[in-house]
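Visitor:
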Amino acid sequence: MLVVGSGLIGASVALGLRRQGVEVWVDDADPEAVAVAVGRGAGRAGRPSDAPDVVVVAVPPAAAAAVIDAILRMYVDATVSDVASTKSHLQHEVESRGSDLSRYVPGHPLAGREVSGAAAARADLFADRVWALAPTAVTDPARVDVVRRMVESLGAVVVLTAAARHDRAVALTSHTPQVVSSLVAAGLDGLGEADVRLSGQGLRDVTRLAASDPDLWTEILTSNAGPVADALDGLIGRLEAVRDGLRAGGPPGADRVRAALAAGVAGSRLVPGKHGAGAVAYTVVPVVVADRPGELGRLFADVASTGVNLEDVRIDHAQGRPTGLVELEVAPERAEALAAGLRGRGWELRV
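Residue 73 is where the sequence shown starts when you use my numbering, and the numbers rise one by one after that.
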């Protein structure tokens, strides 16, 4: 197995395969990136003397087509896949170079993070994450099966789709959220420290993605320019409706604002929940936790002793205090039992 590109995704692929005992080679135009990946156990540096069976191309979007074409020509029997987050433009570029598309299985793991580089790679990065495969019209089904097995071995959930459909979907589900996060964070520039302190967990949630690499995201967005621009047109229209409603004032204006917010509630219910199921309304049990070693571990141990299953966890750090608020999400019918159990073990709950 050869992984070309040793950033976050490439190094994580290599780490995941190495954990299963697969012989992996890691190559990158940046020797330092390779050194970091290899130092973390991602495999051997360079390229194998014998032709690899499978090659995963995990380079930046702008370089992907040229690298995929070169790999297809260099290893004439290898199955080649990639991890680029847009597919139509890349497929057209690879096809225009006259490459053998029958051995090419375009892919996209939806498992990025707001950090980058091999130092942030994890062997379990793809566990339970969707990994889209968008075969070309001439891709050999046997090659698709090869990549499917590799992806599933990393713990990911394979979704087969068409390139154009994939790009329209990720424009809404991935690319537009990145733009919104970045622009909301950009709007904070110029605020004084006292003003920024007037924020809660909502601001951190919305701006988390804004810490992502601007150069990488410029490549991603421009490679999917049409679908992203269409998605932004829709978003702009909804923003204008809210703005106009606020400026109009009175009951009619309030109705327009309410309609937009209600549409958001409906849309949020479509976002997959736990294990990919539909969204479920859990009850939050908020617990005050001291900011010192071992406290989270003690809390989770006490939760386990109550026999209540945690569905999700969120942590909100208090400003100016050495404490945090841990929000434990549980099934509604189990919330009272958890709250009583934690109070009995000395925990302070916020109600």
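Think of the CB as a built atom: it goes at the ideal place given N, C-alpha and C, for glycine as much as any other residue. Since we're looking at a predicted model, the values are computed, not measured.
What separation, rounded to the nearest whole angstrom, lies between the Cα atoms of A183 and R276?
Guide: On the sequence shown, residue 183 is found 111 positions in, with the first residue counted as 1. On the sequence shown, residue 276 is found 204 positions in, with the first residue counted as 1. Answer to the nearest angstrom: the Cα atoms are 20 Å apart.
Visitor: Measure the alpha-carbon distance for L382 versus V402 and round it to whole angstroms.
Guide: Locating residue 382 in the sequence shown gives position 310, where the first residue counts as 1. Locating residue 402 in the sequence shown gives position 330, where the first residue counts as 1. So the two alpha carbons sit approximately 5 Å from each other.
Visitor: Give me whichever residues DSSP pairs with W203 in a beta bridge.
Guide: As a position in the sequence shown, residue 203 is number 131, starting the count at 1. According to DSSP, W203 bridges with P181, V230.
Visitor: What number of angstroms, rounded off, separates the C-alpha of V127 from the C-alpha of T151?
Guide: Here residue 127 refers to the residue found at position 55 when the sequence shown is read from its first residue. Here residue 151 refers to the residue found at position 79 when the sequence shown is read from its first residue. Going by the C-alpha atoms only, they are around 6 Å apart.
Visitor: Give the secondary structure of R415 by DSSP, where H, G and I count as helix, E and B as strand, and everything else as coil.
Guide: Taking the sequence shown and counting its residues from 1, the one referred to as residue 415 is at position 343. Here R415 sits in helix by DSSP.
Visitor: What's the gap between the Cα of V98 and the Cα of E224?
Guide: Translated into the one-based positions of the sequence shown, residue 98 becomes position 26. Translated into the one-based positions of the sequence shown, residue 224 becomes position 152. Each residue's alpha carbon lies about 20 Å from the other.
Visitor: From which residue to which residue does the beta strand (DSSP E) around V361 run?
Guide: Locating residue 361 in the sequence shown gives position 289, where the first residue counts as 1. Looking at the DSSP string, the run of the beta strand (DSSP E) that includes V361 is 355–362.
Visitor: Would DSSP call A114 helix, strand or coil?
Guide: As a position in the sequence shown, residue 114 is number 42, starting the count at 1. Of the three classes helix, strand and coil, the one that applies to A114 here is coil, per DSSP.
Visitor: Got a sec, what are the start and stop residues for the beta strand (DSSP E) H238 sits in?
Guide: Taking the first residue of the sequence shown as 1, we reach residue 238 at position 166. No beta strand (DSSP E) holds H238; the alpha helix (DSSP H) holding it covers 235–242.
Visitor: So, for R50: in the same chain, excluding its five sequence neighbours on each side, which residues have a beta-carbon less than 8 Å away from its beta-carbon?
Guide: What the structure shows of the chain is the stretch from 73 to 423, and residue 50 is not part of that stretch, so it cannot be assessed.
Visitor: From S168 to A234, what does the alpha carbon distance come to, in whole angstroms?
Guide: In the sequence shown, the residue the question calls residue 168 occupies position 96. In the sequence shown, the residue the question calls residue 234 occupies position 162. Using only the alpha carbons, I get a separation of about 18 Å.
Visitor: Which stretch, first to last residue, makes up the beta strand (DSSP E) that contains V129?
Guide: The residue labelled residue 129 in the question sits at position 57 within the sequence shown. From DSSP, the beta strand (DSSP E) with V129 extends over 126–129.
Visitor: In chain order, which continuous runs of the alpha helix (DSSP H) of length 4 or greater are located wholly inside the stretch 286–339?
Guide: The stretch 286–339 contains these whole alpha helix (DSSP H) runs: 286–295, 297–320.
Visitor: How far does the beta strand (DSSP E) with R386 in it reach, from first residue to last?
Guide: By 1-based counting over the sequence shown, the position of residue 386 is 314. Here the beta strand (DSSP E) through R386 covers 384–389.
Visitor: Applying the 10 Å Cβ sphere with the 16-neighbour rule, what's the burial state of I387?
Guide: Taking the first residue of the sequence shown as 1, we reach residue 387 at position 315. It counts as exposed.
Visitor: Between I308 and T158, is the Cβ-Cβ spacing less than 8 Å?
Guide: As a working mapping, residue 308 is identified with position 236 in the sequence shown. As a working mapping, residue 158 is identified with position 86 in the sequence shown. The answer is no: Cβ separation not under 8 Å.
Visitor: Look at L226 and S253 and say whether their C-beta atoms are less than 8 Å apart.
Guide: Numbered from its first residue, the sequence shown carries residue 226 at position 154. Numbered from its first residue, the sequence shown carries residue 253 at position 181. Cβ distance not < 8 Å, so L226 and S253 don't count as in contact.
Visitor: By a C-beta neighbour count over all protein chains shown, 10 Å radius and 16 as the cutoff for buried, is T294 buried or exposed?
Guide: Your numbering for residue 294 matches position 222 in the sequence shown. Flag for T294 reads exposed.
Visitor: Is the distance from the Cβ of G179 to the Cβ of L162 below 8 Å?
Guide: Walking along the sequence shown from the start, residue 179 turns up at place 107. Walking along the sequence shown from the start, residue 162 turns up at place 90. Contact: no.
Visitor: Just grab the DSSP bridge partners of D99 for me.
Guide: Along the sequence shown, one-based indexing puts residue 99 at 27. Per DSSP, V76.
Visitor: Please classify G317: is it buried, with 16 or more other beta-carbons within 10 angstroms of its beta-carbon, or exposed?
Guide: The residue you call residue 317 lines up with position 245 of the sequence shown. Counting Cβ neighbours within 10 Å, G317 comes out buried, since at least 16 surround it.
Visitor: Here's the rule I'm using: 16 or more other beta-carbon atoms within 10 Å means buried, otherwise exposed. How should S377 be labelled?
Guide: One-based indexing of the sequence shown puts residue 377 at position 305. By the neighbour-count rule (16 or more Cβ atoms within 10 Å), S377 is not buried but exposed.
Visitor: Would you kindly work out how many angstroms separate the C-alpha atoms of A142 and A136, rounded to a whole number?
Guide: Within the sequence shown, numbered from 1, the residue matching residue 142 stands at position 70. Within the sequence shown, numbered from 1, the residue matching residue 136 stands at position 64. About 10 Å.
Visitor: Counting Cβ pairs, one atom from each stretch, are 3 or more of them under 8 Å apart for the stretch 354–371 and the stretch 413–422?
Guide: In short, these stretches touch, since the Cβ pair count reaches three.
Visitor: Could you pull the start and end residues of the alpha helix (DSSP H) that G369 belongs to?
Guide: Locating residue 369 in the sequence shown gives position 297, where the first residue counts as 1. Taken as a continuous stretch (DSSP letters only), the alpha helix (DSSP H) holding G369 covers 367–378.
Visitor: Below 8 Å between beta carbons: does that hold for V139 and V155?
Guide: Working through the sequence shown from its first residue, we reach residue 139 at position 67. Working through the sequence shown from its first residue, we reach residue 155 at position 83. Taking 8 Å as the Cβ cut-off, V139 and V155 do not qualify as a contacting pair.
Visitor: Does any C-beta atom of chain D lie closer than 8 Å to the C-beta of M73?
Guide: This model lacks chain D altogether; it includes just one protein chain.
Visitor: Are the beta-carbon atoms of A193 and A109 separated by less than 8 Å?
Guide: Numbered from 1 along the sequence shown, position 121 holds the residue referred to as residue 193. Numbered from 1 along the sequence shown, position 37 holds the residue referred to as residue 109. Yes, the Cβ-Cβ distance between A193 and A109 is below 8 Å.
Visitor: Which value, in whole angstroms, describes the spacing of the CA atoms of V398 and R319?
Guide: Position 326 of the sequence shown, counted from the first residue, corresponds to residue 398. Position 247 of the sequence shown, counted from the first residue, corresponds to residue 319. Roughly 38 Å separates the two Cα atoms.
Visitor: Considering just the uninterrupted stretch of the alpha helix (DSSP H) at S168, what are its terminal residues?
Guide: By 1-based counting over the sequence shown, the position of residue 168 is 96. Where S168 is concerned, the enclosing alpha helix (DSSP H) stretches over 160–168.
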